[in-house]
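K.L.:
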Amino acid sequence: MARNRPTVADLQSLKGKRQLSKLRVFSLEEAEAAERAGIDIISVPYDLMFDPRFRDAAPTCFAIPGDERIKLGATTNEILRMAVKLRAASADAMYCSASLQTIRRLRNEHIPVCGHVGLIPAHATWTGGFKAVGKTAESAAFVWKQVKDLEAAGAFAAEIEVVPARVANAISRRTPLIMISMGAGAGCDAQYLFSEDVLGSNRGHYPRHAKRYRDFAAEFDRLQNERIAAFREYADDIQSGTYPAPRHIVEADAEEMRKFEAYLSSEGY
């Protein structure tokens with residue numbers, strides 16, 4: 014059955030009714046795969062969001078663009094200008110881990126904002142680095158305050174990253190925000206993974222919450238070995254004279270070739 018692209022209101026109406034799926038995609042092929050697989054929400058790099066083919070690939074996925082370039086050092090006005098361009102390119106919302114002032118400004122311009130609480134990679138120095146946030150009552154209260162601040166600033170959703178599951182569940186049940194779990198358990202409103210982790214194409218560290226459903230890294234290695242073998246066979250064929258074979262070339266008519274050679278001789282060649 015065909016589906017329509019959900020609105021913010023549609024997603025909010027599903028809170029507490031069913032878990033949403035969110036996936037970070039990096040290419041048109043991955044966006045199309047997410048669409049065909051029925052993924053609800055996709056996180057999209059800016060360059061992909063601006064690709065005119067994007068909505069052909071993923072017409073009904075709720076798209077929240079997010080990009081490293083805008084996380085640090087950008088002013089509120091720069092982020093707002095980018096958000097307006099992204100909305101014009103069919104983005105449904107904007108990921109923003111900048112100041113509450115910036116989030117409030119975006120909301121005032123009717124741009125839906127997805128914030129971030131718990132472990133925020135761009136701000137991890139304030140919470141002790143890349144580790145869980147909310148394991149003590151004090152730090153759990155800090156995460157709760159982050160959520161309440163986002164509510165007040167006008168965000169409609171928040172990623173909640175590497176927070177104990179029971180803490181995340183308690184928070185999710187007490188906020189109208191759509192809470193998107195990245196390593197924060199099943200008690201939130203959505204689950205979020207990166208495509209490279211799901212596909213097994215990541216050759217580096219896999220976070221605790223990641224689950225690999227395929228082993229693309231092994232497949233890439235197999236394809237690279239096949240690529241090398243094909244190139245080697247091609248080079249060997251050239252040296253042995255096997256390539257090009259008669260079927261790879263065009264023959265000239267014998268009489269026309271005789272005339273051409275006579276012409277070259279008459280010219281002194």
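Letter by letter, the sequence shown follows residues 14 to 282 of the numbering used here. We put the CB at the ideal spot given by N, CA and C, even for glycine.
1) Taking the alpha helix (DSSP H) that valine 97 belongs to, which residues open and close that run?
2) Of all Cβ atoms in chain C, is any one closer than 8 Å to the Cβ of proline 72?
3) Count the other CB atoms within 10 Å of the CB of tyrosine 108; is the residue buried (16 or more) or exposed (fewer)?
4) Cβ of glutamate 174 within 8 Å of Cβ of histidine 129?
5) For lysine 28, count neighbouring Cβ atoms within 10 angstroms of its own Cβ and tell me buried if that reaches 16, exposed if not.
6) Do alanine 181 and glycine 167 have their C-beta atoms closer together than 8 Å?
7) Between which two residues does the alpha helix (DSSP H) carrying glutamate 264 extend?
8) Starting from the C-beta of serine 208, find all residues in its chain whose C-beta is less than 7 Å away, skip the five residues before and the five after it, and write them out in chain order.
9) Does DSSP classify alanine 145 as helix, strand or coil?
10) Spatial neighbours of aspartate 53 within its chain, please: C-beta separation below 8 Å, excluding the five flanking residues on both sides.
11) Less than 8 Å between the beta carbons of isoleucine 133 and serine 152, yes or no?
12) Check the DSSP bridge columns for leucine 36 and list the partner residues they point to.
13) Do you know how far the Cα of alanine 230 is from the Cα of lysine 224?
P.N.:
Let me spell this out:
1) 89-101
2) Checking the listed chains, one finds no chain C in this structure; it contains a single protein chain.
3) buried
4) Yes, Cβ-Cβ distance for glutamate 174 and histidine 129 is below 8 Å.
5) buried
6) no
7) First-last for glutamate 264: undefined, no H or E at that position.
8) The answer, listed in chain order, is Leu36, Arg37, Val38, Phe39 and Glu43.
9) coil
10) Pro19, Leu24, Leu33, Ser34, Lys35, Cys74, Phe75 and Ala203
11) No, Cβ-Cβ distance for isoleucine 133 and serine 152 is not below 8 Å.
12) Ile55 and Leu206
13) 14 Å
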